[in-house]
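These protein sequence lines map, in sequence, to chains A, B and C. Position 56 (the first sequence) corresponds to 56 in UniProt numbering; numbering is contiguous. Position 220 (the second sequence) corresponds to 220 in UniProt numbering; numbering is contiguous. Position 16 (the third sequence) corresponds to 16 in UniProt numbering; numbering is contiguous. Just so you know, even glycine gets a beta-carbon here, dropped at the ideal spot from N, CA and C. In what follows, a single structure is set out as structure tokens and then discussed.
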Amino acid sequence: MTTTTATRAALLVLADGRFPAGGHAHSGGAEAAIAAGRVSDPASLEAFCRGRLGTAGLVAAALAAAAAAGANPLLLDEAADARTPSPALRMTARKLGRQMMRAARACWPSPALDALAAARPRGAHQPVVLGLAAAAAGLGPLDAAHAAAYEAVSGPATAAVRLLSLDPFDATAVLARLAPELDRVAELAVAAAESALDDLDALPAASAPLLEIAAEAHAAWPVRLFAS
Amino acid sequence: MHLDHPETYPQRYAAAPSRQRRAPTPSSAPTTRPDGTRRALRIGLGGPVGSGKTATVAAICRQLREELSIAVVTNDIYTREDAEFLLRNAVLPAERISAVETGACPHTAIRDDISANLEAVEDLEESVGPLDLVLVESGGDNLTATFSKGLVDAQIFVIDVAGGDKIPRKGGPGVSTADLLVVNKTDLAPLVGADLEVMARDARAQRGELPVTFTALTEPDGIAPVVAWVRERLACWTAAA
Amino acid sequence: MTAVAPAPAASCGVRAAARIVAAPDGRGGTALPVLHGEGPLVPRRTRAARADTAQVTVVGAMSAPLGGDHLRLDARVLPGARLAVGSAAATVSLPGRDGARARYDVRLAVDEGAELRWLPEPLIAAAGSDLAMTTRVELAEGARLVLREELVLGRAGERPGRLVSRLTVRRGGRALLDQEVALGPGVPGWSGPAVLDRYRAMGQLLIADPWFEEHAPGVVALASDPAEGEAVLTPLAGPAVLVTALGRDALTVRRLLNAGQRAAAPPAG
Ligand SMILES: Nc1nc2c(ncn2[C@@H]2O[C@H](COP(=O)(O)OP(=O)(O)O)[C@@H](O)[C@H]2O)c(=O)[nH]1
Ligand SMILES: [Mg+2]
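Structure follows, in structure tokens:
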């Protein structure tokens, strides 16, 4: 379950913030946390990202790794639903999954992506699509986990730059400081994904109550800059 | 100077002069629906905030909604503001208007990552289609914002005289390459001291043979030249089927 | 699993198991053919609010769980029976002598046409404690469940202990809800703005009922003073709703969960 150097560049394409899969319009809960005054500077952004990484990020990374390792994507999609009590976040995950599907099929056409697109025309949970995309690109479960974990923190960091006019160097330094934790989360995710091939309950279910509560409040705002 | 009659330059299909940056833009998006029929023509509307994009969308819809099946996708800076305006004014039924959220960057959503917009267009086709025309409005940001060819088949760039008569001279991708440049609010020209003649000359210098039209949407049928242009595009679109 | 470092293996703690089986008594009520406990877990039949329901109160005979303890509680509600389970007092997780993690595993099964109301008092993670709790529920498609979990980080004025609690609910064999909260020292970001922030108590109330298939509720923001607590009621992907509440203390959380229950509850059947 390791990256072959021959495909490493594909991971850069997949994890690029400019990969056209809709991520730019989502703050990963940062907009709500900023409005609540919970995130206001690089330190609180880092704490936010650390909490999101260890919860939603870990779950996403494990789902992506399991999908890349060949677990049944429809069962993973169901497991993702059970791990997402907030309907706003389930909808966001499916919306982003559909957008990721479009970009992935254009970049790395594959029967597995086609099959999931046909089975879930309104979108499967994004990490599941991400995992299949990684596999289609010749990447392994660890790559998929890294991409998902990184996305869990890069989205909020970018949003904080836009919403707080945070110094972009500070925001990027937050991501750099989190790098060792990202690696660890990706490794945990892969280990869980391997067990999940036998028993889906082995997938992590780490939850962040404030993210769930705030996501519903945010979805009801009449005016907001980010979709989530 | 005040132009009584908005001007268009329908000779846009003439051979491009050297200043013209590109011929009318064919979209790179598939031109058929999943069932093989030709999909709706998609026209993007960009331009600075407040120049009259939403007003233009509203006026086009009012003129054409009886004869065509139309839907609108808005890309707001603040969610749904434009969509709410169109709804409040009953320009189209609610199910024909879809608002895409852009994370404070409409230009990203219409140019760099068009996935959410494509989904919105396809969802509209699915729920109220078949459609003849989809108008995609960008929440205005700056003069550099243009639509991706993967999203729209043609784009209109709307500026206004109140923004200053220097805008056409400054150029930028919107002003110089849009398939139609609309200079709106000519009714305000005397008030803001904008010289329409200068604007027309500068626009021509930037755009070569690409058409420019001057509008005052406050006047009855002020949208007429834009509607004429849209009809022409539609005719080409259907003819190409 | 979480991003928490593994604790030393449980060593010399107490092992105790309790077991409850509820079955229709044939006269419109519910009997308890199995009601067994040991050590710190003693289930007793107590007065029920309704004649058709068997009420059980788990009495904590000792302070439990301590680090190194391994407690297990099994309850099964047979087809058509109605069981309500509560506890006499809050459960306090305390540190053991050798820093070992304590485990508390709850296994619940609710059969066709049966109902379980699982409403224990809060679980309090005292300073220095380390508890891993798992609750697994198997619901038949026609089963009804009300399940409450309340977690409090530290006794009054005390530093928090560590608490990892996983709640897995399956309905008709399919995943309905799977949530793990990991809180306290050593858990990355737990007191940060994505997880608990300044709150030190959280609660979840799950209501699963086939009734929701036809009466899907919407999201309800349970208005509250954000300085005290906040909560939301959300419909799950299956016929169930979850109330998630955060508060500065257990009382606030209980108040929010009760509000959520009133907002969502299907008619008493
Ligand atoms: N005077 C005048 N006002 C106009 C004209 N067109 C639009 N407006 C007004 O300009 C404002 C901004 O228009 P809007 O369509 O919302 O701009 P957008 O931000 O480009 O969508 C509104 O108050 C319109 O009523 C026009 O031709 N003349
Ligand atoms: Mg507008």
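Outcome for residue i when other beta-carbon atoms lying within 10 angstroms are tallied against a minimum of 16
i, result
"Thr37 (chain B)", "exposed"
"Lys166 (chain B)", "exposed"
"Pro141 (chain A)", "buried"
"Val110 (chain C)", "buried"
"Tyr13 (chain B)", "Residue placement at Tyr13 (chain B) is poorly supported in this model, since its pLDDT is 35, which falls under 50; the coordinates are not used for a value here."
"Asn89 (chain B)", "exposed"
"His26 (chain A)", "buried"
"Arg22 (chain B)", "Note on Arg22 (chain B): pLDDT 44, under 50, position unreliable in the model; no value is reported."
"Leu257 (chain C)", "buried"
"Lys95 (chain A)", "buried"
"Lys185 (chain B)", "buried"
"Arg18 (chain A)", "exposed"
"Ala203 (chain B)", "buried"
"Trp118 (chain C)", "buried"
"Ala3 (chain C)", "Confidence at Ala3 (chain C) is low in this model, with a pLDDT of 49, below 50, so its placement is unreliable and no value can be given for it."
"Pro122 (chain C)", "buried"
"Arg111 (chain B)", "buried"
"Thr91 (chain C)", "buried"
"Thr135 (chain C)", "buried"
"residue 230 (chain A)", "Outside the modelled stretch of chain A, which goes from 1 to 228, sits residue 230 (chain A), for which no answer is possible."
"Glu67 (chain B)", "exposed"
"Met202 (chain C)", "buried"
"Trp221 (chain A)", "exposed"
"Thr32 (chain B)", "exposed"
beta-carbon residue i near ligand 1 non-hydrogen atom, thresh 8 Å
i, result
"Ala55 (chain B)", "yes"
"Phe85 (chain B)", "yes"
"Pro48 (chain B)", "yes"
"Thr218 (chain B)", "yes"
"Asn184 (chain B)", "yes"
"Glu137 (chain B)", "yes"
"Asp221 (chain B)", "no"
"Gly140 (chain B)", "yes"
"Leu196 (chain B)", "no"
"Val158 (chain B)", "yes"
"Asp187 (chain B)", "yes"
"Gly193 (chain B)", "no"
"Gly51 (chain A)", "no"
"Ser51 (chain B)", "yes"
Cβ-Cβ separation, residue j to residue i (assumed contact under 8 Å), whole Å
i, j, result
"Trp237 (chain B)", "Leu180 (chain B)", "Between Leu180 (chain B) and Trp237 (chain B) the Cβ distance is about 14 Å, and since that is not below 8 Å, they are no contact."
"Thr57 (chain C)", "Arg44 (chain C)", "5 Å"
"Val195 (chain C)", "Gly155 (chain A)", "Not confirmed; about 17 Å, so no contact."
"Gly186 (chain C)", "Arg162 (chain C)", "6 Å"
"Ala136 (chain A)", "Leu113 (chain A)", "6 Å"
"residue 306 (chain B)", "Leu135 (chain B)", "The structure shown has nothing for residue 306 (chain B), since chain B only spans 1 to 241."
"Pro95 (chain C)", "Ser129 (chain C)", "5 Å"
"Ala47 (chain A)", "Ala215 (chain A)", "With 8 Å as the limit, Ala47 (chain A) and Ala215 (chain A) do not qualify as a contact, their Cβ atoms being about 18 Å apart."
"Leu233 (chain C)", "Leu210 (chain A)", "That pair is no contact at about 16 Å."
"Gly238 (chain C)", "Arg144 (chain C)", "Incorrect: roughly 13 Å between the Cβ atoms, too far for contact."
"Leu222 (chain C)", "Gly260 (chain C)", "6 Å"
"His146 (chain A)", "Leu203 (chain A)", "About 17 Å separates the two Cβ atoms, so there is no contact after all."
"Ala102 (chain C)", "Asp52 (chain C)", "36 Å between Cβ atoms; not a contact."
Residue i Cβ short of 8 Å to ligand 2 heavy atom set
i, result
"Glu81 (chain B)", "yes"
"Val102 (chain B)", "Sequence inspection shows Thr at residue 102 (chain B); the Val mentioned does not correspond to that position. Checking the Cβ of Thr102 (chain B) against ligand 2 gives no."
"Thr215 (chain B)", "no"
"Thr32 (chain B)", "no"
"Thr74 (chain B)", "yes"
Every unbroken beta strand (DSSP E) within the stretch 199-251 of chain C, with a cutoff of 3 residues, ordered by chain: 201-208, 220-222, 229-235, 240-247
Inside the stretch 127-187 of chain A only - alpha helix (DSSP H) runs reaching at least 4 residues: Runs of the alpha helix (DSSP H) inside the stretch 127-187 of chain A: 141-164.
4 or more residues per run - each alpha helix (DSSP H) lying fully within the stretch 5-54 of chain C: none
In chain order, each beta strand (DSSP E) run of at least 3 residues that lies wholly inside the stretch 96-143 of chain B: 97-101, 133-138
Every unbroken alpha helix (DSSP H) within the stretch 192-230 of chain B, with a cutoff of 4 residues, ordered by chain: DSSP runs (the alpha helix (DSSP H)) wholly in the stretch 192-230 of chain B: 196-207.
Segments of 4+ residues assigned as alpha helix (DSSP H) that fall wholly inside the stretch 29-90 of chain A: 30-35, 42-52, 58-68, 73-82, all fully within the stretch 29-90 of chain A.
Beta strand (DSSP E) runs contained entirely in the stretch 133-187 of chain C, provided each spans 3 or more residues: Fully enclosed beta strand (DSSP E) runs of 3 or longer: 144-153, 162-171, 174-183.
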